[in-house]
Amino acid sequence: MTAITGTQILEALENVMEPDLKKDLVSLNMIKDIKVGADNSVSFSVELTTPACPMKDHIRNACTAAIREHLPEAGEITVNLTSKVTSGGSCSGHGEKPNPLPNVKNIIAVGSGKGGVGKSTIAVNLAVSLARSGAKVGLIDADLYGPSIPTMFGLVNKRPEVRDKSLIPLEKYGVKLMSIGFLIESDNPVLWRGPMASSAMKQLITEVAWGDLDYLIFDLPPGTGDIQLTLAQMLPVCGAVIVTTPQNVALSDVAKAVTMFRKVNIPLLGLIENMSYYLLPDGTKDYIFGKGGGEKFAKAQGITLLGSIPIGGMVREGGDSGKPFVVEFPESEATESINRAASEVARQISIRNATASNSNCCSHHTEE
Ligand SMILES: Nc1ncnc2c1ncn2[C@@H]1O[C@H](COP(=O)(O)OP(=O)(O)O)[C@@H](O)[C@H]1O
Ligand SMILES: [Mg+2]
């Protein structure tokens, strides 16, 4: 028996394409730790661009098939999937300004035209879903006017520690958290005026010890005001996720939010339609607010529909009880749908990062 070499394995794997990045795994430098045993057993790792990669099974099967086809003498084949989240900066108008969060690989803004569409619910569950996939995740409650993250994580009246003049984010369900709600009395509504809101927002970004993060998610207030502008000016935002409900799609607020992100050069990762349908006990979907609104809107705007989340008591209960529904009801349709949406968000980011690093459009924002 002739021993298989590492080079032969790489040659075989040159035939496996990364379906989103449209290049083979070897050119993308994704193959690591090749080992060949005495019995010609083969093992190697594929380093994905996100642990939330929706193509995991596909890639693993394609690798095994390629080895089987090109190296029939191979024994047992073990494909390990690892990940190292990429960062492409963004092609936003951030330009060459210093980045106050150089250790954060990807900044995601979750926005909407209107309040009450479930933006915070989606932001929270996206964050927990990404964290559960293995990513390092932070979440900023940037809705200074109606912070809801303390309630949604069961952390009302908690205060962050201060260490070396930095606020230490609270941490729950694997997500690092910061909210204006942790810094002010909860029943003491603050009437932020424009400049005050901007400076409070700046504090949440620069005076917090965020550490190394793969994804930092901003739960933005509804609309198109100072907070959104401050974010765009301060940070290289990788992309925005727009949240809407089917009955709101028709309203001009959603289009306004899309236009605003375009104006400040924040790329649109796509749209999540919340409260899309009600899942009946027999498994059929009741589109109580009409079907296909989000899809139509996304198409018209030229953006991706990232996911559709059902309406349901357990979604609301999760928010009220301080346990996000992905934690409280891990087997539910809502969890499945948010996990799919989270994978889709991560995937869109990986695709953007690959293009950004190819065209080198944001060379100041380098990967570690
Ligand atoms: N898919 C859903 N099904 C049922 N209730 C939901 C759903 N999404 C959000 N809600 C509820 O709607 C209300 C508003 O949601 P929230 O996330 O606070 O909206 P926003 O941040 O856009 O103002 C909350 O009570 C929340 O629990
Ligand atoms: Mg909210």
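Reminder that position 92 of the sequence shown reads as 92 in UniProt numbering, one-by-one numbering, no gaps.
Glycine residues also receive a C-beta, built at the ideal position from the N, C-alpha and C atoms.
Bear in mind the structure is a predicted one, so any value in this text is a computation, not a measurement.
With 16 other Cβ atoms within 10 Å as the buried cut-off, status of residue i
{"i": "LEU13", "result": "buried"}
{"i": "ASP282", "result": "exposed"}
{"i": "CYS361", "result": "Residue confidence for CYS361 is low, a pLDDT of 40 falling below 50, so the modelled location carries little weight; the figure read from the coordinates is stated next. With fewer than 16 Cβ atoms within 10 Å of its Cβ, CYS361 is classed as exposed."}
{"i": "LYS299", "result": "exposed"}
{"i": "VAL85", "result": "buried"}
{"i": "TYR287", "result": "exposed"}
{"i": "GLY294", "result": "buried"}
{"i": "ASN339", "result": "buried"}
{"i": "THR366", "result": "Model confidence at THR366 stands at a pLDDT of 37, short of 50, so the residue's coordinates are unreliable; what they give is reported in the following sentence. It counts as exposed."}
{"i": "GLY93", "result": "With a pLDDT of 46 at GLY93, under the threshold of 50, the modelled position of that residue is not reliable, and no figure is offered here."}
{"i": "ASN106", "result": "buried"}
{"i": "ASP219", "result": "buried"}
{"i": "VAL156", "result": "exposed"}
{"i": "THR224", "result": "buried"}
{"i": "GLU18", "result": "buried"}
{"i": "ILE349", "result": "buried"}
First and last residue of the uninterrupted alpha helix (DSSP H) at residue i
{"i": "MET260", "result": "252-263"}
{"i": "MET201", "result": "194-206"}
{"i": "MET314", "result": "313-321"}
{"i": "MET152", "result": "149-152"}
{"i": "MET234", "result": "226-234"}
Closest residue to residue i among the options (Cα-Cα distance)
{"i": "ALA232", "options": "ASN265, GLY223, SER252", "result": "ASN265"}
{"i": "MET260", "options": "PRO150, GLY111, CYS63", "result": "GLY111"}
{"i": "ILE140", "options": "MET1, THR355, SER179", "result": "SER179"}
{"i": "SER308", "options": "TYR278, PHE325, GLU331", "result": "TYR278"}
{"i": "ASP143", "options": "GLY116, ASN157, SER83, ASN125", "result": "GLY116"}
{"i": "ALA131", "options": "ARG316, GLU328, THR50", "result": "THR50"}
{"i": "LEU126", "options": "PRO195, SER87, LEU235, ALA52", "result": "ALA52"}
{"i": "VAL42", "options": "THR151, THR230, ALA62, GLY6", "result": "GLY6"}
{"i": "ILE67", "options": "LEU101, ASP57, GLN8", "result": "GLN8"}
{"i": "ALA209", "options": "GLU161, LYS323, ASP226", "result": "GLU161"}
{"i": "PRO102", "options": "TYR215, PHE297, LEU28", "result": "TYR215"}
{"i": "GLU11", "options": "VAL315, ASN29, GLY302", "result": "ASN29"}
{"i": "SER252", "options": "GLU69, LEU21, PHE297", "result": "PHE297"}
{"i": "PHE182", "options": "GLU73, LYS119, PRO169", "result": "PRO169"}
{"i": "LEU271", "options": "ASP20, THR245, ASN40, THR284", "result": "THR245"}
{"i": "LEU306", "options": "PRO221, ASN274, ALA197, ALA62", "result": "ASN274"}
{"i": "ILE34", "options": "ASP164, ALA354, THR78, ALA62", "result": "THR78"}
{"i": "LEU235", "options": "LEU280, GLY302, MET201", "result": "MET201"}
{"i": "ILE311", "options": "SER276, SER199, GLU185, SER343", "result": "SER276"}
{"i": "ILE184", "options": "ARG159, PHE329, SER166, PRO330", "result": "ARG159"}
{"i": "SER166", "options": "ALA3, LEU204, GLY194, PRO195", "result": "LEU204"}
N- and C-terminal bounds of the beta strand (DSSP E) containing residue i
{"i": "GLY270", "result": "268-279"}
{"i": "LYS296", "result": "From DSSP, LYS296 is part of no beta strand (DSSP E) but of the alpha helix (DSSP H) over 293-301."}
{"i": "SER120", "result": "Premise fails: SER120 lies in the alpha helix (DSSP H), 119-132, not in any beta strand (DSSP E)."}
{"i": "ASN106", "result": "104-111"}
{"i": "VAL243", "result": "239-244"}
{"i": "SER179", "result": "175-179"}
{"i": "TYR145", "result": "Here TYR145 belongs to no beta strand (DSSP E), and DSSP marks it neither H nor E."}
{"i": "TYR215", "result": "213-219"}
Supposed close pair residue i, residue j - CB separation, criterion 8 Å
{"i": "LEU269", "j": "ALA240", "result": "6 Å"}
{"i": "LEU25", "j": "VAL16", "result": "5 Å"}
{"i": "GLN228", "j": "GLY290", "result": "The Cβ separation is near 28 Å, so there is no contact."}
{"i": "GLY113", "j": "VAL254", "result": "4 Å"}
{"i": "PRO267", "j": "VAL128", "result": "Not confirmed; about 24 Å, so no contact."}
{"i": "VAL175", "j": "GLY138", "result": "7 Å"}
{"i": "SER45", "j": "ASN99", "result": "With 8 Å as the limit, SER45 and ASN99 do not qualify as a contact, their Cβ atoms being about 30 Å apart."}
{"i": "SER83", "j": "GLU47", "result": "6 Å"}
{"i": "ASN40", "j": "ALA65", "result": "Rounded, the Cβ-Cβ distance is 17 Å, inconsistent with contact."}
Which runs of the alpha helix (DSSP H) fall wholly inside the region 328-359 and span at least 4 residues, in chain order? 333-359
Runs of alpha helix (DSSP H) wholly within the UniProt domain "MIP18 family-like" (8-79) (minimum 4 residues, chain order): 56-70
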